[in-house]
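Protein chains in written order, with numbering that gives the first Met the number 0: chain A, 0 to 313; chain B, 0 to 151; chain C, 0 to 362.
Idealized CB from N, CA, C, for every residue including glycine.
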Amino acid sequence: MSTVLLKGLGCLGFIAFSAMFLIWLERKVSAKIQNRMGPMLTGFHGTLQPIADTIKLLLKEDIVPKGVDFLSWWLAPFFVTVPVVMAFLVIPFSSKWIALDLNVGVLYICSVTSICVLGIFMAGWGSNNKYSLLGGMRSAAQIISYEVPLLLSVLLVVMQSGTMSMQGIIHAQDHGWFILKPHLFLAFLIYSISATAECNRVPFDIPEAESELVAGYHTEYSGMKFAMFFVAEYTNMFIISAIATTLFFGGWHGPFLPGLVWFLLKSYGFIFFLMWMRWTLPRVRMDQMMSFAWKFLTPIALLNLLISGWFMVR
Amino acid sequence: MFFIYLKSWIIRIYMGAYSILKGFKVTFKNIFRKSVTLNYPIDKKPMSSRYRGMVDLEPPKCVICYQCIKICPTAALDMGHKVLEDNKTKNITKFVYNAELCCFCGLCEEICPTDAIYLNKMYEVSYFQHKDVINIDLMSKEKYKNVDGGAS
Amino acid sequence: MGELMTINMGPQHPSTHGVLYLELKVDGEIVVDCKPHLGYLHRGIEKIAENRTYTQFIPYTDRLDYLASMNNNLCYCMAVEKLLNIAVPDRAQYLRVIVAELNRVISHLVAIGTFAQDLGAYATPLFYAFRDREKIVELFDSICGNRLTYNYVRIGGVSADIPAGTEQYIKDFIAYERKQLIDYNELLTYNVIFLARSKKIGILSKEVALNYSITGPMLRASGVKWDVRKDEPYGVYNKFDFDIPVGLNGDSWDRFKVKLEEIEQSLRIVEQAIGSIPEGNPVSKVNRVFRGTGEAYVRTENPRGELGFYLVAEGGVNPYRCKIRSPSFSNLGVLPELIRGLNISDAVCVLGSLDIVMGEIDR
Numbered sequence: 000m001s002t003v004l005l006k007g008l009g010c011l012g013f014i015a016f017s018a019m020f021l022i023w024l025e026r027k028v029s030a031k032i033q034n035r036m037g038p039m040l041t042g043f044h045g046t047l048q049p050i051a052d053t054i055k056l057l058l059k060e061d062i063v064p065k066g067v068d069f070l071s072w073w074l075a076p077f078f079v080t081v082p083v084v085m086a087f088l089v090i091p092f093s094s095k096w097i098a099l100d101l102n103v104g105v106l107y108i109c110s111v112t113s114i115c116v117l118g119i120f121m122a123g124w125g126s127n128n129k130y131s132l133l134g135g136m137r138s139a140a141q142i143i144s145y146e147v148p149l150l151l152s153v154l155l156v157v158m159q160s161g162t163m164s165m166q167g168i169i170h171a172q173d174h175g176w177f178i179l180k181p182h183l184f185l186a187f188l189i190y191s192i193s194a195t196a197e198c199n200r201v202p203f204d205i206p207e208a209e210s211e212l213v214a215g216y217h218t219e220y221s222g223m224k225f226a227m228f229f230v231a232e233y234t235n236m237f238i239i240s241a242i243a244t245t246l247f248f249g250g251w252h253g254p255f256l257p258g259l260v261w262f263l264l265k266s267y268g269f270i271f272f273l274m275w276m277r278w279t280l281p282r283v284r285m286d287q288m289m290s291f292a293w294k295f296l297t298p299i300a301l302l303n304l305l306i307s308g309w310f311m312v313r
Numbered sequence: 000m001f002f003i004y005l006k007s008w009i010i011r012i013y014m015g016a017y018s019i020l021k022g023f024k025v026t027f028k029n030i031f032r033k034s035v036t037l038n039y040p041i042d043k044k045p046m047s048s049r050y051r052g053m054v055d056l057e058p059p060k061c062v063i064c065y066q067c068i069k070i071c072p073t074a075a076l077d078m079g080h081k082v083l084e085d086n087k088t089k090n091i092t093k094f095v096y097n098a099e100l101c102c103f104c105g106l107c108e109e110i111c112p113t114d115a116i117y118l119n120k121m122y123e124v125s126y127f128q129h130k131d132v133i134n135i136d137l138m139s140k141e142k143y144k145n146v147d148g149g150a151s
Numbered sequence: 000m001g002e003l004m005t006i007n008m009g010p011q012h013p014s015t016h017g018v019l020y021l022e023l024k025v026d027g028e029i030v031v032d033c034k035p036h037l038g039y040l041h042r043g044i045e046k047i048a049e050n051r052t053y054t055q056f057i058p059y060t061d062r063l064d065y066l067a068s069m070n071n072n073l074c075y076c077m078a079v080e081k082l083l084n085i086a087v088p089d090r091a092q093y094l095r096v097i098v099a100e101l102n103r104v105i106s107h108l109v110a111i112g113t114f115a116q117d118l119g120a121y122a123t124p125l126f127y128a129f130r131d132r133e134k135i136v137e138l139f140d141s142i143c144g145n146r147l148t149y150n151y152v153r154i155g156g157v158s159a160d161i162p163a164g165t166e167q168y169i170k171d172f173i174a175y176e177r178k179q180l181i182d183y184n185e186l187l188t189y190n191v192i193f194l195a196r197s198k199k200i201g202i203l204s205k206e207v208a209l210n211y212s213i214t215g216p217m218l219r220a221s222g223v224k225w226d227v228r229k230d231e232p233y234g235v236y237n238k239f240d241f242d243i244p245v246g247l248n249g250d251s252w253d254r255f256k257v258k259l260e261e262i263e264q265s266l267r268i269v270e271q272a273i274g275s276i277p278e279g280n281p282v283s284k285v286n287r288v289f290r291g292t293g294e295a296y297v298r299t300e301n302p303r304g305e306l307g308f309y310l311v312a313e314g315g316v317n318p319y320r321c322k323i324r325s326p327s328f329s330n331l332g333v334l335p336e337l338i339r340g341l342n343i344s345d346a347v348c349v350l351g352s353l354d355i356v357m358g359e360i361d362r
């Protein structure tokens, strides 16, 4: 009983620490790409900046706009944050450090992270604001559409390794990472595009498109509620990169360093790639994004599944 | 016919992916460039020699010709003088500058025949009280005491 | 179908450049009607001109189109010189051309950066554009003392000669900027997402553009080869060799591309001017008093279009009337026509490609 409690607390501590680290990393990476310096004064090269941000968000006034639908507006941040925390149950940090190795690990993660859509939609509807409504509806359409290519590419990995449990997939990569095989490389590309859309990052950040609708679905939130949306987004980023590491990059396998260090290195490397993509590409338009998902990614994923399935069975 | 369509589709995908990769290359190259910003307020840069900051005066050089008052587009300067008993020497009684009306155009500096009035290099100008900037007495040496940056 | 929703892209919005209030009527996400409300930045500059002397009014012209300050000064001073028959020395003419073209470069850099930001390339092209702009702005700081409102061109010349070392600095900048233009083309112009967002959006045909009296890069992107510097040359522009880039379709991508190519042409002009600048004294004393009668209209090519100053004088030290024909005001008039039938995202893209500055629309 106490080991479960310890593991749960460990996960929560890791989430808090990782969100803070990611806030700092995002600001430094964006500053380096844009030829400037980023935070420098708070702590050595700005390392205490996330703490300053957290204290500021905690001390802000919690503004409740007039006319909000109270229950849906109030519950929306929880519906976004809790599923993301739940998904930490099956992340394999190393060969011994996994909270619970379910034998349907991949299915569990994909189903749990789908609940986030409800939270965003509730936030959009509950705030009494036209911009938030537009943002919430766009986001719901986007996330639901991009789940299909995501699941199709993850399905290919499951077919290749024969098991749905996370540790099982890592053990199936003992003789070489999955990304080195051609049909799985294509699955990796589809997965990374769909996962970026799942997380509402550029080039798919229409729900929070800052130059069109002032802040999209989280316009009317301030203080701690906004901090929960923020933390949920960064933790979601960590989860999709952890899944990418497990499914395609070999998890915690590596020559000299312990498994935990390799896992964190690979995950944060994928996160760096996501951030690099954010500061390079413009945003796609709503209808172009939907047609990209349905008319381009899904047929390619299905074709990939068909052809590689035929090769596997032969 | 179908193969022509397929070939053009594949070329379009290839060109699209290639253009995105070139964009990545540009931003990646810029990670290794030196930063163009300074770590203010620890590092500060000096202003150029012709920079137009706040208006300043050297009273001994002024010949009380009133040209700067006449040319100021926003009427930010005001002066008064009195003539002594020998009907020749003039003294300035007041020289008032309203920094809120000033538009920092530098016309007063250009027209002064003796370079008595000039624009100094102060660029950190912020104040707490209205009265510190609307009646600045240009004759005193402590004119910019309450305007941030003037004390240094 | 269904009822229309009214969205206020109000005076404070991250992507209307300045304080522009657009009242959009949307049906779902398609814009059905659009009504711009102006006047949030009105300062009465034309009325102020009737109470200032000719030299005193020059700082006010800086603040009309605050991104192209040198060009505004130049047009006003040329109008006064035509009204009162004042000659300008040769070196001053060359210096005016150099600063006007460098100002065109930095104004187009701002337009490119903010257009990319409106499309969602969140801040990176903007920072690159401002990093390049910083070099020219520092040069202007060493010439005239200010970074945005220069107040450099005077009636009958310029206010001060260029300091030593400026010519070498400009030559280094031209070499540096030509490398940066390759970067912009790789990062933005042929990027597949950028093309998908801006091609065939907001197509402005030749006839509609000429009917709405559009000028500047917008007109050239629609296929009309009209540039005041070539068709009615002023100053010493007829001594330089440069091209006029013209677009094919008149969509937002063409407007972007025309601006990028105009930067290259401006660098060519500056290179030729620096190479052949004559000696002399370009300074015009500021304590001359100007009086005269008559009226004059002068037009020049601003980065945004054709700026015109109409001056009427009746013998006093102040002009009797000063009327300003601003390019952004006429260019904004075509906006409701262009965005009917587009999404809100495309409306933002079209507004960004129009490249308006509220300072000269509201005056």
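Buried or exposed (CB count within 10 angstroms, at least 16 for buried), residue i
i: residue 19 of chain C; result: buried
i: residue 90 of chain C; result: buried
i: residue 237 of chain C; result: exposed
i: residue 183 of chain A; result: buried
i: residue 228 of chain A; result: buried
i: residue 176 of chain C; result: buried
i: residue 8 of chain A; result: exposed
Identity of the residue in the options nearest residue i by Cα
i: residue 254 of chain C; options: C:197, C:314, C:120, C:234; result: C:197
i: residue 203 of chain A; options: A:186, A:176, A:134; result: A:134
i: residue 72 of chain B; options: C:339, C:51, C:68, C:74; result: C:51
i: residue 80 of chain B; options: B:69, B:70, B:64; result: B:64
i: residue 59 of chain A; options: A:174, A:245, A:220, A:216; result: A:220
i: residue 153 of chain C; options: C:322, C:94, C:338; result: C:94
i: residue 349 of chain C; options: C:86, C:299, C:199; result: C:199
i: residue 55 of chain A; options: A:309, A:114, A:295, A:222; result: A:222
i: residue 165 of chain A; options: A:8, A:43, A:284, A:108; result: A:108
i: residue 94 of chain B; options: B:43, B:113, B:46, B:68; result: B:68
i: residue 64 of chain C; options: C:307, C:137, C:339; result: C:307
i: residue 12 of chain C; options: C:353, C:358, C:362, C:347; result: C:347
i: residue 211 of chain C; options: C:160, C:190, C:124, C:327; result: C:327
Same chain only: Cβ atoms within 6 Å of residue i, ignoring 5 sequence neighbours per side
i: residue 210 of chain A; result: Residue confidence for residue 210 of chain A is low, a pLDDT of 45 falling below 50, so the modelled location carries little weight; the figure read from the coordinates is stated next. Here the set comprises nothing.
i: residue 262 of chain C; result: 104, 107
i: residue 127 of chain C; result: none
i: residue 272 of chain C; result: 93, 96, 97
Own chain residues within Cβ distance below 8 Å of residue i, not counting five before or after
i: residue 45 of chain A; result: 23, 26, 27, 37, 38, 39
i: residue 89 of chain B; result: 63, 80, 81, 82, 83
Own chain, CB closer than 7 Å to residue i, minus 5 neighbours either side, in chain order
i: residue 241 of chain C; result: 264, 267, 268
i: residue 251 of chain C; result: 197, 200, 201, 348, 349, 352
i: residue 119 of chain B; result: 52, 53, 55
Residue i: CB within 7 Å of a non-hydrogen atom of the ligand FMN
i: residue 54 of chain C; result: This structure lacks the ligand FMN, and indeed carries no ligand of any kind.
Contact list for residue i against chain D, beta-carbon separation under 9 Å
i: residue 4 of chain C; result: Any reference to chain D falls outside this structure, whose protein chains are A, B and C.
Which parts of the segment 158-193 of chain C are runs of the beta strand (DSSP E), unbroken and 3 residues or longer, counting only runs that do not cross its ends? none
Three Cβ pairs or more, each shorter than 8 Å: is that satisfied between the segment 73-86 of chain A and the segment 20-34 of chain A? no
Every unbroken beta strand (DSSP E) within the segment 78-157 of chain A, with a cutoff of 3 residues, ordered by chain: none
For the segment 134-154 of chain A against the segment 252-259 of chain A, are there 3 or more C-beta pairs whose distance is under 8 Å? no
Do the segment 21-38 of chain B and the segment 49-56 of chain B meet, that is, are 3 or more Cβ pairs less than 8 Å apart? Note that the segment 21-38 of chain B does not touch the segment 49-56 of chain B; fewer than 3 beta-carbon pairs, one per stretch, sit closer than 8 Å.
Would you call the segment 222-240 of chain A and the segment 9-21 of chain A in contact, with 3 or more CB pairs under 8 Å? yes
4-residue-minimum alpha helix (DSSP H) runs that sit fully inside the segment 70-125 of chain B, ordered along the chain: 106-110
Would the segment 2-9 of chain C count as touching the segment 25-33 of chain C if we require 3 or more Cβ pairs under 8 Å? yes
Within the segment 292-339 of chain C, ranges of the alpha helix (DSSP H) (whole runs, at least 4 residues): Restricted to the segment 292-339 of chain C, the alpha helix (DSSP H) segments that are unbroken, complete and at least 4 residues in length are 326-331, 334-338, listed in chain order.
Closer than 8 Å is the cut-off here; do at least three beta carbon pairs connect the segment 75-83 of chain A with the segment 117-134 of chain A? yes
Output the residue ranges of the alpha helix (DSSP H) runs that lie fully inside the segment 75-159 of chain C and measure 4 residues or longer, sorted by chain position. Counting only runs of 4 or more, we get 89-118, 123-143.
Per the contact definition of three or more C-beta pairs closer than 8 Å, is the segment 64-76 of chain C in contact with the segment 305-323 of chain C? Under the three-pair Cβ rule at 8 Å, the segment 305-323 of chain C counts as touching the segment 64-76 of chain C.
Evaluate contact between the segment 276-286 of chain C and the segment 331-348 of chain C, counting only Cβ atoms and requiring at least three cross-stretch pairs below 8 Å. no
With three or more beta-carbon pairs closer than 8 Å as the criterion, would you say the segment 119-132 of chain B touches the segment 177-193 of chain C? no
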